[in-house]
Every structure is written in structure tokens, then in C-alpha cells.
Ligand code: M6R
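Numbering (the working numbering), first residue to last: 1 to 610.
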């Protein structure tokens with residue numbers, strides 16, 4: 001949520017900051033701003049509502065200069081989308097601040113600061129950071145100790161970068177609940193909320209830990225832990241691809257990412273599976289010892305990742321004989337739950353920084369789960385660093401806000417986990433062989449499935465004027481229906497609900513009319529006949545249906561039912577295969593509706609606030 005970039009260099013850093021913001025724009029995109037400090041102490045600020053390009057145009061007109069600078073792209077939490085609320089925020093034309101997160105006690109801090117004579121020019125919580133640091137500075141402290149004192153008064157989450165006009169040689173940064181990464185250059189150093197922003201200038205990173213405060217100059221980085229003690233943090237060489245931010249000729253990142261799925265799933269499987277099954281240590285050293293004791297799995301995630309967890313529950317119970325609960329992180333963390341003996345806590349996340357999922361992991365540690373595993377796409381992210389075991393999905397950078405390839409690689413990971421846990425819990429030889437064989441066929445099946453795109457483009461036309469839609473599935477296709485509905489509402493703004501089709505007659509049938517398209521996912525599995533009965537229930541009430549079906553499922557299309565053939569696949573991978581046509585459907589509907597596909601309204605890619 002929101003994106004931060006900062007730099008301390010000898011050269012003008014404005015292009016580095018703007019490029020960094022563009023690379024982070026997917027995280028927040030309602031307004032943007034930059035503050036630049038020249039060695040002479042001249043401080044310039046430019047802010048604009050709208051996309052980063054608006055800011056870049058304004059910067060070009062101003063010929064802005066600065067060798068130290070901070071920049072921000074915003075996703076509004078406190079205060080509407082206005083230039084005055086855009087970051088950086090100033091105090092007394094001296095202190096400049098950018099901030100991700102929420103200062104939860106800002107109301108009382110603000111009241112205090114007003115009493116002391118500070119004037120607020122925005123409705124944000126962030127401005128309290130600027131004034132609090134200013135107050136500490138005027139009492140005679142250095143910027144570093146001013147920030148160290150100020151953060152003690154903040155409750156909530158922050159990743160923040162602060163500059164002082166009177167000391168242009170440095171920025172001070174603080175992390176608590178919102179990630180920050182320092183990028184190390186030659187005679188210049190950088191800071192960002194995500195390494196993606198800095199890949200054009202460095203590949204050497206230090207990921208700050210919770211509570212860290214750091215002082216960054218051109219030649220030096222000093223880090224202090226939450227108690228103020230100096231600490232060394234590991235320098236990590238990033239292997240994230242530099243050009244991951246490129247659309248590679250596709251119209252949108254989302255379409256590019258949909259089409260990358262065969263490749264990234266192949267990457268996710270590579271060296272992890274061979275003809276006999278899983279290779280050694282797929283889930284990391286020590287994982288087998290942990291898995292041999294697991295009697296229960298608790299999965300925690302949000303959004304699309306939660307749908308991956310819901311699908312996994314079907315697999316873990318059916319094939320691996322392991323009992324499994326799945327819960328939305330924001331629910332799990334605020335209720336009392338019972339921890340089963342020998343429980344493995346699994347978090348799933350594309351970003352590894354989702355605030356609720358991270359908080360749930362931390363809570364689970366206190367509750368006494370036997371061990372924790374994260375299935376995650378971002379190396380070095382908070383979930384990866386704080387979990388006992390980490391399985392990287394290797395989907396590559398996902399830029400489109402609507403998650404696509406992250407989801408299918410998460411599902412691929414879960415099928416491998418099913419094999420690993422099943423081995424310890426009496427999985428049958430036949431099931432094991434069937435999953436291994438299905439996984440081997442998966443990349444090619446995904447390619448085959450993407451070839452049905454043109455049929456889906458036609459179909460999308462019929463959705464463009466609709467306001468509501470219903471997605472139906474049964475068994476392990478029910479979470480896929482949920483994921484299809486989430487994709488459609490997220491990028492086309494059409495209201496979409498998903499139901500397990502057996503639930504139809506318990507309420508949703510009342511909604512059926514010819515204005516409510518019903519989308520059905522129908523592989524040829526043991527639930528097909530049950531699903532067909534549900535389809536007849538819809539037909540009998542005048543519903544218009546779009547059925548994504550295995551050829552052998554023998555659905556006969558007519559005026560009220562359009563059947564879209566999906567390539568036949570082996571049962572374990574059917575949820576992964578049926579995801580693709582639903583992603584494409586949402587994409588083409590959004591295209592026809594002319595929405596902002598990659599950056600849909602009101603959303604942000606990585607939800608690092610509660
Ligand atoms: O990074 P995470 O996987 O933890 O993110 C969780 C959700 O915020 C995310 O899946 C969200 O629902 C997507 N925008 C869905 O497309």
C-alpha cells in the first residue's frame with residue numbers, strides 16, 4: 001500500500017525517484033509527490049493527484065534538482081485524494097516526510113501538536129510524523145536521534161523516510177509494520193518500500209527488521225534496532241529480474257501475467273519434482289522432520305491467496321489425510337481459536353507483506369503452533385523472514401493488482417505440499433502417482449487452455465452491460481468460482497458472487513433472471529451429475545448460463561446456455577486449469593468496460609495496512 005523511494009547521492013536523484021515510483025505505482029496510485037534537497041539546503045516539493053505520470057510532467061516543467069530526495073505514491077487512508085494530502089509532508093518548511101502505514105494515535109498527537117503551535121495543512125496522519133520530528137530537532141537533536149525519539153510516540157504501522165533541510169547529506173528511515181529495504185550503491189545509497197523500485201540502480205539490499213531505525217548517507221548506512229543498539233543486517237544480492245516491470249508487448253500487465261502462467265508454473269516445478277515424485281528438501285532443510293509430526297494444518301491468508309488455501313483444504317484432506325482449516329487472516333487474528341496438537345500454520349501470500357496475514361503469523365507463534373510455513377512469491381519479504389519454513393512460488397514480479405500467476409503457482413505449491421504431507425500420512429500410491437503425473441502435464445495443459453482465448457473475448461461482450469453475476473462450482477471448483485467472482489468484481493466492477501452450487505436452492509436461486517449471468521465451472525469429475533442438476537435448477541428459472549466444461553462432460557448448449565470447452569485434464573490439476581478461462585473472462589469484460597485493468601479503482605497491490 002503506497003510506495004516509497006528515497007536516495008542520497010552526488011548526482012541529481014530526481015529520475016531515480018520517478019522511475020522508482022513508476023515501478024511501485026501498482027501499490028498505490030491516487031496521488032504522488034517528491035521532495036528534493038540540494039547540497040545548498042534548497043528544498044523543493046512537487047505533488048500531484050492522479051498517476052505518477054502527472055507528477056513526472058510537473059517535475060519536467062520545474063527542472064527540479066536535488067542530490068537527496070524522497071518520493072511517494074499514495075493509496076489514501078486518512079484524508080481524501082487531494083494535493084494537500086499527497087506526500088511528502090512538511091513541517092515548518094524544514095522537515096520532509098513520506099510514510100506508508102497508519103499512525104493510529106494521530107488524533108491525540110495532532111491535538112497535542114496544535115496546542116504547541118503547529119499548523120496542519122493536510123488531513124493525514126502522516127503530518128504528525130513531520131511535526132513530531134521537527135519538535136525533537138528544534139530541541140537540539142540530530143535527525144537520527146530526533147526520529148528515534150519521535151517513533152516512541154507512534155502507535156500503529158509505519159515505514160517512513162525523513163529529510164531535514166538543515167542536513168542535506170542524509171535521510172533517516174524507520175520501520176515498524178510496513179516494509180523498507182535499503183539499496184546499496186557505489187557512493188550513493190537508496191531506500192524503498194519494495195526492492196522493485198531500486199532494481200535499475202542496485203541489486204544489493206538490506207531488508208530492515210521490525211523496529212529498526214537507519215541513517216543513510218552517500219557512503220554509509222547505520223542501523224539501530226528497536227532498543228537503539230547498533231546492529232548489522234545481512235546484505236542480500238537480489239535475483240529478481242530487472243525487467244520484471246516491463247509489459248513485454250502486452251496491453252496490460254494482467255494479460256502478460258495470465259500468459260506467463262505456463263512458464264512460471266514450469267519454474268515452480270523445476271528441480272522440485274521428477275518422475276518419482278518430490279525431490280529432496282523441496283520445502284527446505286528440516287521440513288521432512290516437521291512434516292512427519294503434522295496432524296493438522298491451519299491455513300491463513302487474504303483475498304486470492306485465501307482462495308488458494310480453500311482449494312488446498314480439499315486436496316490435503318482428500319489425498320494427504322491431514323485435517324485442515326482455512327481462515328481469512330483478519331478474522332483469525334481477532335478471535336479466540338483452539339490450536340490442535342501438532343498443527344502446522346501455513347500462511348499464503350503473493351507479497352509476503354499483507355498486514356493481516358503477517359499479524360496472524362505473529363499471533364500463531366504466541367498461540368503455540370508446532371511450526372510455520374509460508375507459501376510466498378517475494379524473497380526476503382516479512383512472511384518469508386519470520387516463518388520457520390518458506391516455499392517460494394517463483395511466479396516472478398506480479399504487477400497487475402488482480403492476482404493471476406501468483407494464484408496458480410500457489411496452487412501448484414499446494415499440490416507439492418499435498419505430496420509431502422501425504423507421504424507421512426498414508427497417501428495411496430495411486431493418488432501419489434496421479435498427482436505427480438498431473439503436475440508433469442500442467443505447464444502444457446495451461447498452454448492448451450490459454451488457446452481458448454478468442455472464444456472468451458466474444459463471450460465478454462455479453463457481460464458488458466450487466467450489473468450482477470453469479471459463479472457456481474462444486475468441490476475443489478467452489479474456491480475457483482470464488483476466485484473467478486473476485487477477479488470479475490475487482491477489475492470490471494460488476495457485482496459477482498460465488499456459491500457452492502449445492503447451496504443454490506437455499507437462497508440464491510431467488511436472484512436468477514435473464515439479467516443475471518451465471519458462470520459455471522464444470523470439469524468431468526465425480527460431482528458432475530450433481531452439478532448438472534444444479535444447472536437444470538437455474539435453467540428452469542430462466543437463467544442465462546456460461547458453462548466452462550470438459551468436452552466429455554456433455555453439456556448441450558442452447559439459447560440459455562453457452563458452453564465453452566476447456567481441455568480435458570487430470571483431476572488434481574483441474575482447479576488450476578479452470579482458473580485461466582475465468583481470469584480471461586474478467587480481463588476481457590474489463591477491457592470492454594474500459595476500466596483501469598492493472599490499477600482498478602480503490603485498490604492497491606500490497607495491503608500493508610489493516
Ligand atoms: O499479497 P497477498 O497474496 O497476501 O495479497 C492478498 C490479497 O490482498 C490479494 O490476493 C488481493 O485479493 C488481490 N488483489 C486479488 O486479485
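Virtual Cβ for every residue (Gly too), placed ideally from N, Cα, C.
Do you know whose CA, among the options, lies nearest residue i's CA?
{"i": "residue 522", "options": "131, 502, 550 and 277", "result": "550"}
{"i": "residue 306", "options": "410, 382 and 342", "result": "410"}
{"i": "residue 154", "options": "170, 186 and 211", "result": "211"}
{"i": "residue 247", "options": "400, 276 and 292", "result": "400"}
{"i": "residue 573", "options": "22, 437 and 423", "result": "437"}
{"i": "residue 459", "options": "540, 591 and 273", "result": "591"}
{"i": "residue 285", "options": "208, 373, 270 and 253", "result": "373"}
{"i": "residue 578", "options": "162, 145, 524 and 106", "result": "524"}
{"i": "residue 282", "options": "82, 417 and 98", "result": "417"}
{"i": "residue 84", "options": "150, 47, 320 and 535", "result": "47"}
{"i": "residue 256", "options": "221, 235, 396 and 317", "result": "396"}
{"i": "residue 259", "options": "53, 448 and 96", "result": "448"}
{"i": "residue 491", "options": "266, 31, 529 and 600", "result": "600"}
{"i": "residue 11", "options": "535, 190 and 266", "result": "190"}
{"i": "residue 186", "options": "221, 197 and 161", "result": "221"}
Work out the CA separation of residue j and residue i for me, nearest whole Å.
{"i": "residue 607", "j": "residue 405", "result": "18 Å"}
{"i": "residue 175", "j": "residue 225", "result": "10 Å"}
{"i": "residue 587", "j": "residue 519", "result": "15 Å"}
{"i": "residue 512", "j": "residue 533", "result": "15 Å"}
{"i": "residue 109", "j": "residue 100", "result": "18 Å"}
{"i": "residue 201", "j": "residue 402", "result": "28 Å"}
{"i": "residue 309", "j": "residue 388", "result": "19 Å"}
{"i": "residue 272", "j": "residue 435", "result": "14 Å"}
{"i": "residue 289", "j": "residue 552", "result": "43 Å"}
{"i": "residue 561", "j": "residue 543", "result": "9 Å"}
{"i": "residue 263", "j": "residue 506", "result": "41 Å"}
{"i": "residue 391", "j": "residue 327", "result": "20 Å"}
{"i": "residue 213", "j": "residue 188", "result": "19 Å"}
{"i": "residue 119", "j": "residue 150", "result": "18 Å"}
{"i": "residue 300", "j": "residue 314", "result": "15 Å"}
{"i": "residue 504", "j": "residue 462", "result": "23 Å"}
{"i": "residue 612", "j": "residue 302", "result": "Since the displayed the chain opens at 1 and closes at 610, residue 612 lies outside it and no answer follows."}
{"i": "residue 254", "j": "residue 597", "result": "7 Å"}
Which of the three DSSP states, helix, strand or coil, is assigned to residue i?
{"i": "residue 62", "result": "helix"}
{"i": "residue 548", "result": "strand"}
{"i": "residue 176", "result": "strand"}
{"i": "residue 611", "result": "Residue 611 lies beyond the residue range present for the chain, which begins at 1 and ends at 610; the question has no answer from this structure."}
{"i": "residue 527", "result": "coil"}
{"i": "residue 565", "result": "strand"}
{"i": "residue 492", "result": "helix"}
{"i": "residue 345", "result": "strand"}
{"i": "residue 369", "result": "coil"}
{"i": "residue 42", "result": "coil"}
With a threshold of 7 Å, establish whether the CB of residue i neighbours any heavy atom of the ligand M6R.
{"i": "residue 611", "result": "With the chain represented from 1 up to 610, any question about residue 611 goes unanswered, as that position is not in the structure."}
{"i": "residue 303", "result": "yes"}
{"i": "residue 608", "result": "no"}
{"i": "residue 401", "result": "yes"}
{"i": "residue 25", "result": "no"}
{"i": "residue 7", "result": "no"}
{"i": "residue 406", "result": "yes"}
{"i": "residue 490", "result": "yes"}
{"i": "residue 453", "result": "no"}
{"i": "residue 603", "result": "yes"}
{"i": "residue 354", "result": "yes"}
{"i": "residue 486", "result": "yes"}
{"i": "residue 595", "result": "no"}
{"i": "residue 357", "result": "yes"}
Tell me, please, whether the CB atom of residue i is closer than 8 Å to any CB atom in chain D?
{"i": "residue 528", "result": "In summary, chain D is missing from the structure at hand, where a single protein chain is found."}
The ligand GTP heavy atoms versus the CB of residue i: any closer than 7 Å?
{"i": "residue 416", "result": "Ligands present in the displayed structure are limited to the ligand M6R, and the ligand GTP is not among them."}
### Query
Counting Cβ pairs closer than 8 Å, one from the region 476-489 and one from the region 447-454, do we hit at least three?
no
### Task
Please confirm if the region 583-591 is in contact with the region 2-15, defined as three or more CB-CB distances below 8 Å between the two stretches.
no
### contact_flag[the region 34-44, the region 56-75] where n(CB pairs < 8 Å) is 3 or more
Short answer: they touch.
### Message
Quick check: the region 561-568 against the region 337-345, are at least 3 beta-carbon pairs closer than 8 Å?
### Response
no
### Query
Would the region 469-477 and the region 292-307 be scored as touching if the rule is three or more Cβ pairs under 8 Å?
no
#### Entry: contact_flag[the region 598-606, the region 21-29] where n(CB pairs < 8 Å) is 3 or more
yes
### Task
Would you check if the region 129-142 and the region 91-108 touch, i.e. whether three or more CB-CB distances between them fall below 8 Å?
yes
### Message
Could you check whether the region 370-385 touches the region 53-62, counting it as contact only if at least three pairs of C-beta atoms, one from each stretch, sit closer than 8 Å?
### Response
no
### Message
For the pair the region 159-175 and the region 41-48, tell me if three or more CB-CB distances fall below 8 Å.
### Response
yes
### Message
Would you call the region 317-331 in contact with the region 347-361, where contact means no fewer than 3 C-beta pairs closer than 8 Å?
### Response
yes
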